[in-house]
Amino acid sequence: MKGCEIVRKVVTFLLMFAFWLVLSAWNVYILGYYELSRLVSGIVIALIVTFVMHEFLISGKFRRTVAFRYLVYMFWLLYQMFLSAIDVSLRVLGFRDLNPQVIEFSTPLRSDAAITTLANSITLTPGTVTIDVDENGKFLVHAIASEPASSLAEERTMIRKVSYVFMEGEQ
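Mind the numbering: the sequence shown is residues 119 to 289 in our numbering, read in order.
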């Protein structure tokens, strides 16, 4: 490992640990201090994230572009999760019809990161659950109604957005 690479990993670790400290600040507010066991767990988590995510977060223009696009995608996904939660609530309350179904569709995605992101995004969105994914990008998804199903299989908005983030297939 080159000296420059070591410095980058140390900076990544420090950023991840600082982020963890910010997220755990509530504990300090409640307790008035950091417990040693919590600090040690924060260091371990920051180390794991540093070694697993360093390439994704820091190295190269391609990776920075993907990281920025992923961040934008996450905000879009949060908005979709909000809209889907409202839709599911209306269906549960009887204002919209339930029409559960299992759909199958293929994607142009090939990298593990892109396929995992799409599968998790589908499952995180209320009203849809990823049942199975194969190595060729073929998905099996359960949807609470025909609208979420057609959104995935026909409109393919989420698939196009994930393709754009990872610079694969249809965009």
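Glycine included, C-beta positions come from ideal geometry on N, C-alpha and C.
* Asked: Any idea if D252 is buried or exposed, counting beta-carbon neighbours within 10 angstroms, 16 or more meaning buried?
  -> As a working mapping, residue 252 is identified with position 134 in the sequence shown. Counting Cβ neighbours within 10 Å, D252 comes out exposed, since fewer than 16 surround it.
* I think T225 touches F257, with their Cβ atoms under 8 angstroms apart; what is that distance to the nearest whole Å? -> Position 107 of the sequence shown, counted from the start, is the residue given in the question as residue 225. Position 139 of the sequence shown, counted from the start, is the residue given in the question as residue 257. With a Cβ gap of about 7 angstroms, T225 and F257 count as contacting.
* **At least three beta-carbon pairs within less than 8 angstroms, the segment 272-286 to the segment 189-196** => yes
* **Of the listed residues V220, R187, G212, I221, nearest to M285 (C-alpha basis)** => Position 167 of the sequence shown, counted from the first residue, corresponds to residue 285. Looking at the Cα atoms, R187 is the closest of the given residues.
* Asked: How is E153 classed by DSSP in three states: helix, strand or coil?
  -> Taking the first residue of the sequence shown as 1, we reach residue 153 at position 35. Reduced to three states, the DSSP call for E153 is coil.
* To do: Return the first residue and the last residue of the beta strand (DSSP E) that E222 is part of.
  => Residue 222 sits at position 104 when you count from the first residue of the sequence shown. E222 -> beta strand (DSSP E) spans 219-224.
* Asked: Is the segment 254-270 in contact with the segment 227-246, if contact means three or more CB pairs nearer than 8 angstroms?
  -> yes
* DSSP three-state assignment for D215, whether helix, strand or coil -> The residue given as residue 215 occupies position 97 in the sequence shown. Coil, per DSSP.
* To do: Could you name the residues that DSSP lists as bridge partners for D250?
  => Stepping through the sequence shown from its first residue, residue 250 is reached at position 132. Answer is L258.
* Compare the C-beta of K127 with all C-beta atoms of chain C and state if any pair is closer than 8 angstroms. => Protein chain content of the structure displayed is limited to a single chain, and chain C is not contained in it.
* To do: Kindly list the residues whose CB is nearer than 8 angstroms to the CB of I352, restricted to its own chain and excluding five residues on each side of it in sequence; keep chain order.
  => Since the displayed the chain opens at 119 and closes at 289, residue 352 lies outside it and no answer follows.
* Asked: Is it right to say S239 is buried, meaning 16 or more other beta carbons lie within 10 angstroms of its own, or is it exposed?
  -> Reading the sequence shown from its first residue, position 121 is the one you call residue 239. Classification for S239: buried.
* How many angstroms separate the CA atom of S155 from the CA atom of W138? -> Indexing the sequence shown from 1 puts residue 155 at position 37. Indexing the sequence shown from 1 puts residue 138 at position 20. For S155 and W138, the distance between alpha carbons rounds to 14 angstroms.
* With 16 as the cutoff for other CB atoms within 10 Å, does L141 come out buried or exposed? -> Against the sequence shown, residue 141 aligns to sequence position 23. Label assigned to L141: exposed.
* **Proximity to I204 [Cα-Cα], best of T241, G245, T168** => Taking the sequence shown and counting its residues from 1, the one referred to as residue 204 is at position 86. Here the closest residue by C-alpha is G245.
* Residue from V247, E153, C122 whose Cα sits closest to the Cα of V220 -> For the purposes of this step, residue 220 is identified with residue 102 of the sequence shown, where counting begins at 1. Of V247, E153, C122, the residue nearest in Cα terms is V247.
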